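S.K.: Just so you know, the sequence shown maps onto residues 30 to 285 in our numbering. Ideal Cβ placement from N, Cα and C applies to all residues, glycine included. Only a predicted model underlies this, so the values are computations on that prediction, with no experimental measurement involved.
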Amino acid sequence: AGLIEVVEAYRVQHKTHRLPTKGGTRYASSINLQEVEALSCLMTIKNTIAGLPYGGAKGGIKIDPRSLSKAEIERVTRNYTTALCKKSSLGPAVDVPGPDIGTGEREMTLIKDQYHHLYGTRDINYAGVTTGKSIVHHGIRGREEATGLGVFYSTKQILNNDDQLKKLGVTKGLKGKRFIVQGFGNVGYWASKFFVEEGAILIGVAEADGSFTCEDGINPDDLWRYKREKKGTKGYLHAAGLNGKEFINEEAIYET
30 AGLIEVVEAY RVQHKTHRLP TKGGTRYASS INLQEVEALS CLMTIKNTIA GLPYGGAKGG
90 IKIDPRSLSK AEIERVTRNY TTALCKKSSL GPAVDVPGPD IGTGEREMTL IKDQYHHLYG
150 TRDINYAGVT TGKSIVHHGI RGREEATGLG VFYSTKQILN NDDQLKKLGV TKGLKGKRFI
210 VQGFGNVGYW ASKFFVEEGA ILIGVAEADG SFTCEDGINP DDLWRYKREK KGTKGYLHAA
270 GLNGKEFINE EAIYET
């Protein structure tokens, strides 16, 4: 016989002055209500700064997705969606989740599918209940790399702004610049990929399962393939491992 487990899950709508509210949904064993509340507040700020007509929101489920099967993750995701719908806290005009740590297009597609199962005949805009869905399930092209591309463009803009360069004390452009990323998920990978294509050199990565550097440069595509195959970056062959404190010191050395 199987075991029944009660899973903690959260969804916080920080500001509803503009609807729908918008923010990611993360799956992580360390998540708690206070963290979700803080992140939803940050989403309000980010949406406002970007001029987006949304209030801020954030959600999360207290699980380690790496320890669950695909079928278990699907059941958790569908039950989470149903629970939100029962409280009228989900919908294209109410609150629109997106991917975050531990989630991606599969989870967003599952939420959309469950919402459609519950309300599809009454909500012609049901497909807009989540962002970050797969292309074949009403997603949009470019979503996967969008956030990392935004990091790339904003950094490139700063490094071509003479006033900012004087303040930072660095030379113009990305070419030849060495950089370190904190986190090598979807955003970290795509940002690193675009930086390297522009001539910058990835010399370090900080991940939950370890930090490492390589003065000769790290190939983002190679590391991304390794992470997907091994379910993490630990043991990556082309880099030297460091603990968190050493990594911070290493970062300071490279930045000088």
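#1: Keeping to the same chain, check which residues put their C-beta closer than 6 Å to that of G261; ignore five residues upstream and five downstream.
#2: Please classify G80: is it buried, with 16 or more other beta-carbons within 10 angstroms of its beta-carbon, or exposed?
#3: What residue does the beta strand (DSSP E) around D124 start on, and which one ends it?
#4: Write down the C-beta distance between V234 and A220 rounded to the nearest angstrom, noting that I regard them as a contact closer than 8 Å.
#5: If L62 and Y39 are in contact, beta carbons under 8 Å, what's the gap, nearest whole angstrom?
#6: Is the stretch 215-230 in contact with the stretch 165-182, if contact means three or more CB pairs nearer than 8 Å?
#7: On the DSSP bridge assignment, give the partners of G233 in chain order.
#8: With burial defined as no fewer than 16 other Cβ atoms inside 10 Å of the residue's Cβ, what is the status of S240: buried or exposed?
#9: Taking only the alpha-carbon atoms, compute the straight-line gap between K195 and D152 and give it to the nearest angstrom.
#10: Runs of 4 residues minimum, wholly inside the stretch 100-166: which ones carry the alpha helix (DSSP H) assignment?
#11: Helix, strand or coil for V65? Go by DSSP, reduced to three states.
#12: Can you tell which of D142, E227, I130, H43 has its C-alpha closest to the C-alpha of A86?
#13: So G131 and P94 are in contact, right, with Cβ under 8 Å, and what is the actual spacing, rounded?
#14: Among all the DSSP beta bridges, which residues are the ones paired with T54?
#15: Is it a yes or a no for the stretch 152-168 touching the stretch 182-198, going by three-plus beta-carbon pairs under 8 Å?
M.R.: So, to answer that:
#1: D238
#2: Exposed, since its Cβ has fewer than 16 Cβ neighbours within 10 Å.
#3: 124-128
#4: At roughly 12 Å, the Cβ-Cβ gap does not stay under 8 Å, so V234 and A220 are not in contact.
#5: 6 Å
#6: yes
#7: I209, T242
#8: buried
#9: 53 Å
#10: Assignment of alpha helix (DSSP H) within the stretch 100-166, counting only whole runs of 4 or more residues, yields 134-148 in chain order.
#11: Helix at V65.
#12: H43
#13: 5 Å
#14: G88, P128
#15: no
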